[in-house]
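Under this note's numbering, the first residue of the sequence shown carries the number 33, and numbering increases by one thereafter. Just so it is clear, CB atoms sit at the ideal spot from N, CA and C, and this is done for glycine as well. Since the structure comes first, as structure tokens, the remarks are kept for the end.
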Amino acid sequence: MSSSLLGLGACQMEVDPDDVQKNLDNMVKQIELIKYYSPWVKLVVTPELCFQGASDFEKKARKIPNPITGFCSKIAKDYKIYLVPGSIYEKKSDKIYNASPVFDDKGNIIEIYRKMYPWRPHETTISGNKTLVFDLPDIGRIGLCNCYDLWFPELIRDLVFKGAQIIIIPTASGTQERAQEIILCQAAAIQNQCYVVSVNGVGYGGKGQSMIVDPKGNIVQKAGERQENLISMIDLENVQRSRDYGIAGVSRPLASFFHEKHRFEYQTQPFEQSPVYNENKLEKTK
Numbered sequence: 033m034s035s036s037l038l039g040l041g042a043c044q045m046e047v048d049p050d051d052v053q054k055n056l057d058n059m060v061k062q063i064e065l066i067k068y069y070s071p072w073v074k075l076v077v078t079p080e081l082c083f084q085g086a087s088d089f090e091k092k093a094r095k096i097p098n099p100i101t102g103f104c105s106k107i108a109k110d111y112k113i114y115l116v117p118g119s120i121y122e123k124k125s126d127k128i129y130n131a132s133p134v135f136d137d138k139g140n141i142i143e144i145y146r147k148m149y150p151w152r153p154h155e156t157t158i159s160g161n162k163t164l165v166f167d168l169p170d171i172g173r174i175g176l177c178n179c180y181d182l183w184f185p186e187l188i189r190d191l192v193f194k195g196a197q198i199i200i201i202p203t204a205s206g207t208q209e210r211a212q213e214i215i216l217c218q219a220a221a222i223q224n225q226c227y228v229v230s231v232n233g234v235g236y237g238g239k240g241q242s243m244i245v246d247p248k249g250n251i252v253q254k255a256g257e258r259q260e261n262l263i264s265m266i267d268l269e270n271v272q273r274s275r276d277y278g279i280a281g282v283s284r285p286l287a288s289f290f291h292e293k294h295r296f297e298y299q300t301q302p303f304e305q306s307p308v309y310n311e312n313k314l315e316k317t318k
């Protein structure tokens, strides 16, 4: 029997950049708490790089599967949840990615998302080249991106074009523009009339303020700057209601975007032809 209801747990975790096992054990503790209070939770998400920390990625990168993904697989199976355990550094051939594996409730890796917009120039991992959506059977479709990806509306729109009703964003934001990211989360939800879930770390993992935003841009839940969990029963029918009847019962931006037949020049021309392109400045970000 299908249902539009999704039980979601978002773990705003304290991150120790020098102790992978401590972070993994902390994740388990938070999942135990979530399932104790809300056994109906079906999907759990944790912050970006919440096991390894952000530094020294060359030393930390491993092929997938590895001991971290093996641990996460067992947790997903034991607790019968879909699990998006933030991200880890993945070594693939001679390249290193910031990669987010997705586990089903049987412990299988069903997808791996590789961050398309690393935070240049500070993050020098290789860019992924494919957006990712995955299905929760009989519930709905989830879009997955990673931290700085939020700043690129084309990426979010592509996930929605592929059917995403919720956008999950594991994040490790510890800088002062977290205030702007809160606005971007609300804007993305409004423009695409979908749920947006930004899951940030705390301590060495970020400045917290994780949030769940509904399809009208309202903040359903928002964390502070200490370790805590957001738990929510999300009704995906709200997505379709928003798209059918409009934001505040008025505007239907997603319908308008797909209804009109015109295309913008950037969708067809090489970026190098744009007046905003500056090869010398962009070289510093590669």
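Taking one beta carbon from each stretch, the segment 202-218 and the segment 227-247 have 3 or more pairs nearer than 8 Å; the two touch.
The alpha-carbon separation between Ala280 and Asn178 amounts to approximately 29 Å.
One Cα belongs to Gln197, the other to Leu38, and the distance between them is close to 11 Å. A distance below 7 Å separates the beta carbons of Leu56 and Phe83. A contact is defined here as three or more CB-CB pairs under 8 Å, and the segment 99-107 fails this definition with respect to the segment 228-235.
Among the bridge pairs identified by DSSP, Gln259 is matched with none. By the C-beta criterion, the segment 281-295 is judged not to be in contact with the segment 256-268, since fewer than 3 inter-stretch pairs fall below 8 Å. Annotation for Gly102: the continuous alpha helix (DSSP H) segment containing it runs Pro99 to Tyr111. Between the alpha carbons of Thr207 and Glu213 lies a gap of roughly 10 Å. Under the DSSP assignment, Gln241 falls outside any beta strand (DSSP E); it carries neither an H nor an E label. Looking at the DSSP output, Phe135 shares a beta bridge with Leu115 and Ile141. Cβ neighbours of Val60 within its own chain (closer than 8 Å, five residues either side excluded): Ile107. Boundaries of the beta strand (DSSP E) harbouring Arg173: Gly172 to Leu176, taken from the DSSP string. Judged by beta-carbon spacing, Ala42 lies beyond the 7 Å limit of Leu176, meaning their Cβ atoms are not closer than that value. In this structure the segment 245-264 does not touch the segment 143-151; the number of beta carbon pairs closer than 8 Å is below three. In the three-state DSSP reduction, Arg189 falls in the helix class (H, G or I).
According to the DSSP assignment, Phe166 belongs to the beta strand (DSSP E) that extends over Leu164 to Leu168. A distance below 7 Å separates the beta carbons of Asp190 and Thr163. Less than 7 Å divides the Cβ of Glu46 from the Cβ of Gln259. The Cβ-Cβ distance between Ile174 and Ala220 does not fall below 7 Å. DSSP, reduced to helix, strand and coil, places Val282 outside both helices and strands of the structure shown, so it counts as coil. Looking at the DSSP output, Cys43 bridges to Asn261. In this structure, DSSP gives Leu268 a state outside helix and strand, which the three-state scheme calls coil.
By the neighbour-count criterion, in which a residue is buried when 16 or more other Cβ atoms sit within 10 angstroms of its Cβ, Val282 is exposed. Separation of Met148 and Leu81 (C-alpha to C-alpha, rounded to the nearest whole angstrom) is 15 Å.
Within the same chain, Cβ atoms closer than 8 Å to the Cβ of Tyr180 are found at Lys147, Tyr149, Pro150, Trp151 and Glu155, the five residues on either side in sequence being excluded. Distance check between Ser132 and each of Gly139, Glu209, Gly118 and Lys124 places Gly118 closest, using alpha-carbon atoms only.
Straight-line measurement puts the Cα of Ile222 at about 23 Å from the Cα of Pro79.
Secondary structure at Ser36: coil, using DSSP grouped into helix, strand and coil. Listed in chain order, the non-local C-beta contacts of Ala287 below 7 Å within the same chain comprise Arg275, local neighbours out to five positions each way being set aside.
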